[in-house]
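Peer 1:
Numbering (my numbering), first residue to last: 2 to 178.
1. Report yes if the CB atom of residue 48 is closer than 8 Å to the CB atom of residue 141, and no otherwise.
2. Less than 7 Å between C-beta atoms, sequence neighbours within five positions excluded: which residues of the same chain meet that for residue 133?
3. Would you check if the distance between the CB atom of residue 147 and the CB atom of residue 129 is smaller than 8 Å?
4. Measuring alpha carbon to alpha carbon, tell me which of 42, 80 and 109 ends up nearest residue 119.
5. Is residue 90 helix, strand or coil by DSSP?
6. Could you pull the start and end residues of the alpha helix (DSSP H) that residue 153 belongs to?
7. Measuring only the C-alpha atoms, how far is residue 44 from residue 154?
8. Give me whichever residues DSSP pairs with residue 64 in a beta bridge.
9. Is the region 89-98 touching the region 109-116, taking contact as three or more C-beta pairs under 8 Å?
10. What separation, rounded to the nearest whole angstrom, lies between the Cα atoms of residue 102 and residue 32?
11. Can you look up residue 107 in the DSSP assignment and give me helix, strand or coil?
12. Report back the beta-carbon spacing between residue 29 and residue 40 to the nearest angstrom; my notes put them in contact at under 8 Å.
13. Helix, strand or coil for residue 140, going by three-state DSSP, please let me know.
14. Flag this pair as yes or no: are the beta carbons of residue 114 and residue 38 separated by less than 8 Å?
15. Taking 8 Å as the threshold (C-beta atoms), are residue 125 and residue 87 in contact?
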């Protein structure tokens, strides 16, 4: 999608159109980000699953030395690691969504889910390219796009570094620090 700057100067908003209470704008914006982070986590998870499915399918059909490459231990190791990260990330995403649906605090969990799922998407897309070898880098294969799409999920709705700050800040608050 396209983005652009919107500059408003000397704009007056009637009191009846104000969202929330005066001085609470930043808090409202941050709460919106919390919800959006769960959505980005789900998007990243979908990207990871598509890349994973492609890698598993390709490895079962690509033969080397007379057998599918899925029989090679290094490929199996990559598949196992990808499956593990996807499963862990999915559980974190569902936990954040469940807390939100229950009306409970979920800022830390949303940041954790977004961080885990977006970094998992990038990892899985990268490993899928490795499984596909040269075919993983051509635009005819979905993993090339999966990698590009995964990388942006680590950036919008707060970078991975920002997610770590949100998580750490909430952990410190939980410990009374």
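The beta-carbon is built from N, C-alpha and C at its ideal position, and this holds for glycine as well.
Peer 2: Considering the structure as presented:
1. no
2. 56, 59, 142 and 144
3. yes
4. 42
5. helix
6. 143-154
7. 8 Å
8. 69
9. yes
10. 14 Å
11. coil
12. 17 Å between Cβ atoms; not a contact.
13. coil
14. yes
15. yes
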